[in-house]
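Enquirer: Following this message is one structure expressed as structure tokens.
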């Protein structure tokens, strides 16, 4: 009687879940988790069993097939913050040996590790926003979480399309920085590696310049030693002090002494292309290697873009215009946390802006080209084409509002893709037209026939003339200032490379009208008239 009762209980428990779905086989790997009657909490992790069915590229995966990619114990908990209100949950998963210790194992072609995330793209009806962001970040040359689409069956219930992805973690196959031992309290070993972040519920140190509290990611708060915590804080303090100082652009003693600004530029590009409403302020990670290996603060890895790419109906998150790094001016009272002053300061750094323009032109001509972005969206859509049918049977939300979807809400999956592509095209065009066009890679004006363009940026002037020069090629220019009688009152030689510069010349003259003449070696001349107050 007991065995019959057990069988009936199992059938009643399992069949309703399968009745809701039509999953018998898939072109995607199938993940099956059994918690053995336990609810999955937010914290702490519980022990469960997990199997993955994957018969290889291009092969069908049947729910009745053996678990051939993974078959063993896991520890699992719900992950995320605002996403926990959705019926489709995301999970943190740790692979475990039978003994209970962590198990490093490769999954679906991704390098061996024990910590993974099963991300639920519930509010993202394209199912691809995080995948797009991680793909773009990887194309910039930085590590970003690798990911694979799967379908999940949890306790006999089909749960839809998930993304199995790598968790941000120190390791040779993830954030490749040295391991810090408890005894690494001095010397080079103390200087790295570290991972820290800006996020909700911080547990680290408070920064007065940024008015934010950072979090310890690696080592964790429970593991980091006082000396290590003090070192990391002092280094970030020094970085912020250098960025705040008047000589912040100094290549040796300014902010570049503490930060790898090329990584910040690539991080900026991913956040701005996606117009990530949480960008720069939440799920924002940084890492630092040892001094012997460079030792500067690196921006990234990127993380958590489900509310990006036009999927936030608040704080201008749906707009194609405007800068994501200007969030503080749009939502100055957001309780989750504002963006540090860093990015506004970077955008006043002439070398940073020049390098940003060059990097933008490079990426725009390659993987950020309109046709490449459309191809990427289409390729991801092809991967989930079959499984998304089951997904939206399980979660029939197409055409419905799910927080924080912006209006208008696409009525079908095809319209979701069309809307995303159109938004991306307009967003990229807006950045093209609004990114500071300065430095070595500045665009040459289409209507300019000469080899240089000379502009006065302020007129009337005060105690100095501020000007901008853009050159098509390297050349030497002569800037001369004359009063209205033709008397020379100032002169400056400008050695230009290709690109644009901003300069100034002291205006220690009497009030009145003056003429500025810019001339190169072959006689090309540009005249400008100014008024000295």
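Residue numbers (the working numbering): 48 to 580.
Backbone N, C-alpha and C fix where the C-beta goes; we use that ideal spot for every residue, glycine too.
How far does the beta strand (DSSP E) with residue 567 in it extend, from its first residue to its last?
Expert: Per DSSP, residue 567 belongs to the beta strand (DSSP E) from 559-567.
Enquirer: With distances taken between CB atoms, is the gap from residue 138 to residue 431 smaller than 8 Å?
Expert: Contact: no.
Enquirer: Can you tell me which of the three DSSP states residue 515 falls into?
Expert: Looking at residue 515 - three-state DSSP - the assignment turns out to be strand.
Enquirer: Where does residue 596 sit, in a helix, a strand or coil, going by DSSP?
Expert: As shown, the chain starts at 48 and ends at 580. That puts residue 596 outside it, with no answer to give.
Enquirer: Give a yes or no on whether the C-beta atoms belonging to residue 327 and residue 253 are separated by under 8 Å.
Expert: Cβ distance not < 8 Å, so residue 327 and residue 253 don't count as in contact.
Enquirer: Ignore the nearest five residues each way along the sequence and tell me which others in residue 259's own chain have a CB closer than 7 Å to its CB.
Expert: These residues qualify, in order along the chain: 245, 384 and 387.
Enquirer: Using the beta-carbon count (16 or more within 10 Å), is residue 420 buried or exposed?
Expert: Buried: at least 16 other Cβ atoms inside 10 Å.
Enquirer: Where does residue 286 fall in DSSP's three states?
Expert: Looking at residue 286 - three-state DSSP - the assignment turns out to be helix.
Enquirer: Are residue 177 and residue 361 closer than 8 Å when you measure CB to CB?
Expert: No, they are not a contact pair.
Enquirer: Please report the straight-line C-alpha distance between residue 148 and residue 445, rounded to a whole angstrom.
Expert: Cα-Cα distance, rounded: 42 Å.
Enquirer: Where does residue 110 sit, in a helix, a strand or coil, going by DSSP?
Expert: Coil, per DSSP.
Enquirer: Give me the Cβ distance between residue 349 and residue 209, rounded to the nearest whole Å; I'm assuming they're in contact under 8 Å.
Expert: The Cβ separation is near 19 Å, so there is no contact.
Enquirer: Quick one: what does DSSP say residue 261 is sitting in, helix, strand or coil?
Expert: It is coil, neither helix nor strand.
Enquirer: Helix, strand or coil: which one does DSSP assign to residue 141?
Expert: Residue state, collapsed to three classes: strand.
Enquirer: For residue 504, count the other beta carbons within 10 Å of its own beta carbon; 16 or more makes it buried, fewer makes it exposed. Which is it?
Expert: So residue 504 ends up on the exposed side.
Enquirer: Which first and last residues belong to the beta strand (DSSP E) in which residue 497 is found?
Expert: Premise fails: residue 497 is in no beta strand (DSSP E) and is neither H nor E.
Enquirer: Please determine whether the Cβ atom of residue 140 lies at a distance below 7 Å from any heavy atom of the ligand HEM.
Expert: Among the components of this structure there are no ligands whatsoever, and the ligand HEM is therefore not found.
Enquirer: Let me know if residue 167 comes out buried or exposed under the rule of 16 or more other beta-carbons within 10 Å of its beta-carbon.
Expert: Buried: at least 16 other Cβ atoms inside 10 Å.
Enquirer: According to DSSP, what are the bridge partners of residue 550?
Expert: In the DSSP output, where bridge partners are listed per residue, residue 550 has 514.
Enquirer: What is the residue span of the beta strand (DSSP E) that residue 303 lies within?
Expert: No beta strand (DSSP E) holds residue 303; DSSP gives it neither H nor E.
Enquirer: According to DSSP, simplified to helix, strand and coil, what is residue 572?
Expert: The answer is strand: DSSP assigns residue 572 an E or B state.
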